Each structure stands twice: as C-alpha cells, then as structure tokens.
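Structure first, then comments.
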Amino acid sequence: MNQKLITLVVAIFLVCTLAVTPTSAKVVFADVATTDATYDEIQYLISLGAIKGYQEKGKTYYKPNMSVTRAQAAKMAVIAAGKSPLKVSNSSYTDVKVGTEQSTYIERARQLGLFTKTSGKFSPNATLSREEMSHVLSIAFNLNVSDYKDLPVYFPDVSSSNTYAPYIKAIYYNGITKGSDGKYMPKGSVTRAQFASFIARAKSDEFRLALPEQLESVDTTQVIGLVSVTTDGLNVRTKPTTSSSVIGRVNTGGKLSVYAVEGNWLKVSYQGYYGYISKSYAKFLEQDGSAIGPSLKAVKTNTVINLYYKPTSSSKKIRQISAGSTLSVYKEIDGYYLTTVSGIPGYIVKNSTTDVGGSIVNPPPTETDSDNNDPVVTSGTTGKVTVASLNMRKSASGSSATIKKLSKGSVIAVHSIDGYWAKVTAGKDTGYVHKSYIKLVNEKGSPIKDRIIILDPGHGGKDPGAVNSGSTEKAIVLKVGNLVKQKLEANGAKVFTTRSGDTYPSLQDRVKFTKDKFGEVYVSIHVNSATSTSAKGTETYYSITTGDQYEEDKKLATYINNEIVKNADMKNRGVKEAQYYVTRNMIIPSVLVELGFISNAEDRKKLINDKYVEIYAQSIYNGIVDYYRK
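Per mature numbering (1 follows the signal peptide of the UniProt record, and there is no 0), the sequence shown runs over residues -25 to -1, 1 to 605.
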C-alpha cells in the first residue's frame, strides 16, 4: 500500500472516530452522579449535541441547579428538534447581536415559533419560565396542541384562561411533565437538569412519563345530587382512592354535582369529567342549591317506592326504598316530600307514605355539627385563666347565669370541651367557661396533644404575595406551613390550615375558618419585602384589641420569633404590635410571623433553601410547644 493511500485510510479512521465520540462516550461531570435522576437524560442530550458542560479548574461541571436562560433554551430546543441555526443580516431583536452564535439559534427559534415574542427585546439572559417552556416544547416537537383543548387543566395553579394553558395541557398529556406536589408553578424557573429531562421526554418515548389516566366525560342525565364543599383545597381525584391522581382542587363553598356514592367517596363532575372527592368534606344540598332545612316530621313508606332527584317521576331515579322504612321529611313540593336516604337527599311521592308523628329522624348534619360532634372528654388537663373577671356560667351559653367570676391567673380543672365551651371546676363549683379565655395545659405527655392549632400560610391563588427572582411568598409559606402541620400532628395536636394548596381565602375567610374550627391559637406565616435590599431579618406581630388577652399573643409571638432567630441565624427585628386584620379580629392568641425578606439576597437564599424551610418549620413548631409548656 503506497504512502498516500495509508495517509488517506488513517485520515478517514480519525474522522469516523471523532464523529462517533459525542454519541458513544459518556461525559463525566463533577456535579452529576450516575445515580442522579436526570443522569441518563443529560447524557442523551449531550449525544445530540444540545448541551455541554462548563470547564472550571480542570473539571467539567454541568451545573444542574442553574436556571436555564431563554437563549440557552432556544439553542437546546433547536438542536434537539433537529434544526440548524439561522444566520441573518439584521437581528429581529434589539438586545441580540447579529453574527453571534446566540443570534443564529434565537433567529431559528423565532422562525419556528418557539417563543411568542417576535420583535422588540428577546431578553436572552432572562430565566425561562415553566409556562414559556411548555410553549417551546409543544411547538418544537409538534405535540398537536389542539388535540387536548377539550381536556381539563390538570394543575390547580393554571387557570384555563392562561395563554399557555393549551401548551401546558399538551406536555402533561404527552407524559413530559407531572408538575410538583400537584402544581405546575407556571411562573417558576426551569433548572438545567429539569430542562434536560423535559427535552429528552419530548424527543424520545424512552424517557416519557406514564401517560395520565384517561378521564370519562360526564353524562349529565345521571346526576343524583348536589354537594357543597366544606374545606379549602379539597382534592378531586381520578379514582376513589388517595393514591390516584389529583385532577383539581375545590375550595369551601364550591358546588359539585354527584353521580354516585362509592363507600366514603362521591363520584362528581369536574370540568366536564368524572372525578372523586372524599364524602367527609362535602354536605348535600337541595337540587336547587339551597341548604336542607330542619326536619318537619317523620313518615313510613307504605310500599316499595322510588327516591327521585327532582319532585317529579320523570326525573332520575336515585334508588328504591323498601316498604316500612321510616324517613324524615324536610319539605313538601307538589305532592312530593323531600327526604334523605343514607345521607342523599331526594323526593318521594307523598301519597305512598303514612305520617308516624312529629319525631325528627336523622336530621341532616350542619357544618358546625361536622366539626363538633360529642364533647371531648379531657384527662389531666387544666386551664389557666388569661383575662380578668372571667364568667363561669351554669350552662354552655353566653346567656346562661353566672356562677362566679374567675380572676386572671387562676388554675381550674377542665373536664370536657364542647366547641368553644369548657366544662370546668373552680374550687367547689363546676360550670362552663369560654375556652378562648383560658390557656389549656396538659399536665402529662405532649403539651400540644388535642390542642386545636390554626396555621395560615399567607396569600395564595391570585395573590402571590412578595415576589423576587422567580420566587413567591405564597409558595414559600405554604411549604413551611405544611411542614409545621406535620410536626404538630405527629405530637398529637389537631391542626387545621386555612389553605393546603394554591388557593386564595380572603382575610375574612381566614378569620371565619379559625372560628368555625374552634381554634385555640392562630399562626399566620408570611415573607417580608422592602424597597431597600439591605432590609433583612425576622419579625413577629401581635395585636392589642379591647378586652382580649394580648399578653398571651405577645408570649406566643416571642417564643416563635426567638426560635427562628436562633435556629435560622436571622437578624432579630423583634416582636411588634400591629393591627393586622387577621390578628385583631381573633379572641385567641394570634400572631403573624415574617420569616425574612425575599428582597434581601441573604434572606432569600434561606427562604428558598429546603434546609432552611425545615429550620423555619421546626422553629415555629418549637415556639408553639414552648408557649404551651411554659
């Protein structure tokens, strides 16, 4: 073989070797382990030439937690979609320099329609939001967005009116995203690790998530009832089990049509599809949406009769009722009686029944009844009076005769608690006091066992609260609040949160919720913000109102504030008095804690760090326990 031929063979071999190197060799990153969840997806995108790492001090880093910029997203999506960069003579954007590599990928992305903005500023260094990402992926990988237009929006934090909702639905129903904790967080940023996963899933079926369960369209002729939801953030699931997917959430007062009762679950309609909610968090209404009134009388069925959805025999038959059944009657309409069977309201033919007297049979529960059934018998619990001249009454009523007046600081034995009233003994007298004016103390065991604690993560839903660098107050405080709830419940407390998801209860709703749950202490959790970026630290507020026990509020605020300052190494801005609506309208110890300033870089790093979220939650928990212990 002559020298020229040998040289040619060697050259061809080297070219082939270089050509296969990106697709065959694994790139080792100092900050990505082979066990990381996104390792395979990152390697896949490297093989496509869509991403690369950073060389620093002799090592290669991927920086998986760094946010993806709009320019980086344009390049990665264009390459992954199999498209080439596009050179232009004039830039389409005033902030993108023509002739640069960045320009060629942004111009191609513009031509493909990957971004909605086609002129003006592109903002190449701005972080890519999750809603923008849905548009990029849907267009780059031809996801046929129109195929999903009639399907419900899975995520409760994505409104159907959101411009990006069709694209978010497209990537969800294609197994590209499943959100986080049931939410999509449309305004949130996307990390490099996350974007690698999303592009890999969009590009290759190998990486796709399991496709969502197919929902069944509702047959509205089969409705059997109407319910009103009695709690905020009630999950609507695909199946009657807590392990099934959540397709949405409904707040207090939300009305849902019912199609079946399956054990402890109600089959309901949600955005045109069937779903399931827990029966425990809904109350049946009349078919016109009004509340069911008190029972008027009781009747017995003369024969086997039908229970109808409406007062007419042509409406849906809910079920049959056997002869000789005794039923309550709540209303009479055109020869039909409104009754309930197994908790489901419906109508029966009046002439098929016989009156059995005026007794009330199984009256429908009220919202108060559901929260306050039998009195809770206490054992080893005392109460410390927190106001001067507290009335101890003969019965559990504010209009009942006063037996005696108790002085502030008196310790009394507590026998049972029924709603807001505690049966107590003071000296030789036994009577009732309003429990909001005593501090309940467990003599043994957990100091918070059976205490009713209300946690209020601020803002939510349409109100994000303070916002900075893509982080929102509502998301931070919800995360902290949920952790505090877990810690309190693990030690025996009865905990209720004003919101468990991205919902927006009004200030009035939060106060009413606390009173309806017979709360004993109230803690509202917030994040601060200021015009000056130097403002930082933790501060906690209480209110002084006429006749209340503000000293208890101040104690609770102090315990919580001190724990946060100590454990999270925060600047102590102190415990302060302020007339916030939610604290001044409570008669129980109530505080509002500002964890830190989202507008301050040092505080913000802690607020969005899971390690510190845990510390904040533990500190609030410690403060509440300290209040009850001391």
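Beta carbons: idealized from backbone N, C-alpha and C, even for Gly.
Bear in mind the structure is a predicted one, so any value in this text is a computation, not a measurement.
In the three-state reduction of the DSSP assignment, threonine 196 falls in the helix class, which pools H, G and I.
Judged by beta-carbon spacing, tyrosine 37 lies beyond the 8 Å limit of aspartate 70, meaning their Cβ atoms are not closer than that value. The residues Tyr234, in chain order, have a CB closer than 6 Å to that of glutamine 197 in the same chain once the five nearest residues on each side in sequence are set aside. Per DSSP, threonine 217 lies in no alpha helix (DSSP H) segment and is marked neither H nor E. Excluding five sequence positions before and after asparagine 575, the CB atoms of its chain that fall closer than 8 Å to its own CB belong to Ala505, Thr508, Ser509, Ala510, Lys511, given in chain order. Pairwise C-beta distances place the region 531 to 547 out of contact with the region 405 to 420, as fewer than three of them are shorter than 8 Å. From the listed residues Ser135, Gln77, Glu82, Ile146, the smallest Cα separation to arginine 105 is found for Ile146. The bridge partners DSSP lists for threonine 328 are Thr276. Under the 8 Å Cβ criterion, the region 430 to 437 does not count as touching the region 386 to 402, having fewer than three qualifying pairs.
Beta-bridge pairing by DSSP links alanine 175 to no other residue.
Using a Cβ distance threshold of 8 Å, isoleucine 280 and glycine 250 do not count as a contacting pair. Note: glutamine 169 is not bridge-paired with any residue in the DSSP secondary-structure output.
Phenylalanine 97 and alanine 46 have their C-alpha atoms roughly 9 Å apart. Rounded to the nearest angstrom, the gap between the Cα atoms of glycine 420 and tryptophan 396 is 23 Å.
Within the model, the alpha-carbon separation for valine 274 versus valine 304 is close to 7 Å. Rounded to whole angstroms, the Cβ separation of threonine 278 and alanine 298 is 5 Å, and the two are in contact under 8 Å.
Distance between serine 375 and alanine 363, taken at the CA atoms: about 19 Å. DSSP places proline 141 within a helical segment (H, G or I) once states are collapsed to three.
Contact annotation: valine 498 and glycine 440 have beta-carbon atoms that are not nearer than 8 Å. Judged by DSSP secondary structure, leucine 453 falls within the alpha helix (DSSP H) whose first and last residues are 448 to 465. When secondary structure is reduced to three states using DSSP, asparagine 560 falls in the coil class, being assigned neither helix nor strand.
Runs of the beta strand (DSSP E) spanning 3 or more residues and lying entirely within the region 479 to 559 occur at 496 to 503, 513 to 517, 547 to 552, in chain order. Residues of the same chain with a CB within less than 7 Å of the CB of tyrosine 596, apart from the 5 flanking positions on each side, are Val459, Lys462, Leu463 in chain order. Glycine 57 and arginine 224 have their C-alpha atoms some 39 Å from each other.
Within the same chain, and ignoring the five residues on either side of glycine 150 in sequence, the residues whose Cβ sits closer than 6 Å to its Cβ are Arg183, Leu184, Leu186.
In this structure, alanine 49 sits away from phenylalanine 116, with a CB-CB distance that is not shorter than 8 Å. For arginine 579, the three-state secondary structure derived from DSSP is helix.
As a beta-bridge residue in DSSP terms, glutamine 30 pairs with Thr35. Of the other Cβ atoms in all chains shown, fewer than 16 fall within 10 Å of the Cβ of lysine 34; this residue is therefore exposed. Selection Ser78, Val470, Leu313, Met41 evaluated against serine 64 yields Ser78 as nearest (Cα-Cα).
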